[in-house]
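Letter 242 of the sequence shown, counting from 1, is numbered 242 in full-length UniProt numbering, and no numbers are missing.
Note that CB positions come from ideal geometry on N, CA and C, so glycine has one too.
The structure presented is a predicted model; accordingly, all values stated were derived computationally and were not measured.
To keep things clear, I will list the structure first and then write my remarks on it.
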Amino acid sequence: MTLSDVADADRFVDLAGLLESCEVDGFRADFLSWGHYRPEYWRNYWHSHSFHEVCLAYSGSGRFNSGDVQYDVQPGSVFIARPGDVHEIESSRSEPLGIAFWGFTFRPGSDQPGWWSGLTRADGPVVSDRTDSLPALITALAAEAAAPLSGYNTALAALASTLVLETARAFALDEDLAVEPVVRDRAPLAVAAMQRHLRDNLSRQITVRDVAAAAHLSERHAERLFHQQTGTSIMSTLRRLRLELAAQLLLDPAVTVTEVARSCGYSDVRPFSTAFRRHYGRTPGDHRRSGGTEFI
């Protein structure tokens, strides 16, 4: 989504009465206004609010006066009037300003700096070019408001929370947004994906290639990673999982041994029985007759 899409998001105003509040990071925001101005000449004279009012310019140009400072705004400018800020906005006559705007109260639950500092810092910037996902969020909110479907409350709350977050980020100082580097070890995730693939396909013929593809790895890398994380090979794990499933299925007398074998990826009873006996030290029939009590 781009700024040009915001021009068609005039149903943004339909959020009034439909979306009243949301929570983000444990903080609460109450929405008081939603608006969309077409690119025509307009001016709202000096005034202030008891809430945060944020505007995103999607076309044209104009000026935003905040206190004693005048700012030129253009497509991609996002500007904010914090509670108590005396301000005015005037569109250019030759290139009328088009904006989407939203107003909300915000009650932070922490005095520590963070993304919310973009809303709470009295000395923070009032004009920013960090639109990031704001155009996409405005467009998505307008579309949801235009034709609400089942689940719209959840969808709107999620979009609104992200809107508040991205709004604050647009005005936050870099040092307030900084976090400790996130260290990601993708090896456990890749192995978990391979194990999940094995469990989901125990009745099918599976190769190492299939399992590696499920984790988007080469066969060699998949084998090495799997062994490093589990201490065993992919095929050994597959055999174990199949036989563990067989031990459970055999406890149901309505299921034949042949059906159990096929459900566990064996095309014939003979190799299944051999593998089961080698693993458990007893035949499938003996396991069924004893009710599996030796394995509890």
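Contact defined as beta carbons within less than 8 Å: I believe residue i pairs with residue j. What is the distance between those atoms, to the nearest angstrom?
{"i": "E23", "j": "F31", "result": "Not a contact, Cβ separation roughly 12 Å."}
{"i": "S61", "j": "Q74", "result": "5 Å"}
{"i": "A261", "j": "V269", "result": "5 Å"}
{"i": "L56", "j": "T131", "result": "7 Å"}
{"i": "F106", "j": "F27", "result": "7 Å"}
{"i": "A158", "j": "W115", "result": "Between W115 and A158 the Cβ distance is about 17 Å, and since that is not below 8 Å, they are no contact."}
{"i": "A215", "j": "A193", "result": "5 Å"}
Quick one: using the 10 Å Cβ neighbour count with 16 as the cut-off for buried, is residue i buried or exposed?
{"i": "T237", "result": "buried"}
{"i": "T139", "result": "buried"}
{"i": "R209", "result": "exposed"}
{"i": "V86", "result": "exposed"}
{"i": "G17", "result": "exposed"}
{"i": "R82", "result": "buried"}
{"i": "F272", "result": "buried"}
{"i": "P284", "result": "buried"}
{"i": "H47", "result": "exposed"}
{"i": "Y58", "result": "buried"}
{"i": "Y45", "result": "exposed"}
{"i": "L149", "result": "exposed"}
{"i": "T167", "result": "buried"}
{"i": "H36", "result": "buried"}
{"i": "P188", "result": "exposed"}
Taking the alpha helix (DSSP H) that residue i falls in, what are its first and last residues?
{"i": "S263", "result": "V257 to S263"}
{"i": "L165", "result": "Y152 to F171"}
{"i": "E175", "result": "D174 to L177"}
{"i": "H52", "result": "No alpha helix (DSSP H) holds H52; the beta strand (DSSP E) holding it covers H52 to S59."}
{"i": "T237", "result": "I234 to L249"}
{"i": "A222", "result": "E219 to T230"}
{"i": "V269", "result": "V269 to Y280"}
Among the options, whose alpha-carbon lies nearest the alpha-carbon of residue i?
{"i": "E175", "options": "H221, S117, I138 and V260", "result": "S117"}
{"i": "H279", "options": "L243, V257 and D185", "result": "L243"}
{"i": "F104", "options": "H52, P113, L134 and R199", "result": "H52"}
{"i": "C264", "options": "R277, R239, D123 and L189", "result": "R239"}
{"i": "R196", "options": "L165, Y152, F226 and S161", "result": "F226"}
{"i": "L165", "options": "D10, A29 and T2", "result": "A29"}
{"i": "R288", "options": "L250, R63, S267 and R277", "result": "L250"}
{"i": "L119", "options": "Q205, G84, S94 and L97", "result": "G84"}
{"i": "T162", "options": "V183, P253, L137 and V179", "result": "L137"}
{"i": "S77", "options": "R121, P125, D68 and Y41", "result": "P125"}
{"i": "E40", "options": "D68, V182 and I99", "result": "I99"}
Provide the residue span of the beta strand (DSSP E) that contains residue i, from first to last.
{"i": "G124", "result": "First-last for G124: undefined, no H or E at that position."}
{"i": "H47", "result": "R43 to H47"}
{"i": "D72", "result": "V69 to V73"}
{"i": "R63", "result": "G62 to S66"}
{"i": "A214", "result": "Where A214 is concerned, there is no enclosing beta strand (DSSP E), although the alpha helix (DSSP H) it sits in stretches over V208 to A214."}
Classify residue i as helix, strand or coil using the three-state DSSP reduction.
{"i": "G285", "result": "helix"}
{"i": "E23", "result": "strand"}
{"i": "R199", "result": "helix"}
{"i": "E90", "result": "strand"}
{"i": "D16", "result": "Looking at the sequence itself, residue 16 is Ala, so the reference to Asp does not match. Three-state result, A16: coil."}
{"i": "T105", "result": "strand"}
{"i": "I138", "result": "helix"}
{"i": "V6", "result": "helix"}
{"i": "S33", "result": "strand"}
Answer yes or no: the CB of residue i versus the heavy atoms of the ligand ATP, is any distance below 8 Å?
{"i": "L198", "result": "Because no ligand of any kind appears in the structure shown, any question about the ligand ATP cannot be addressed here."}
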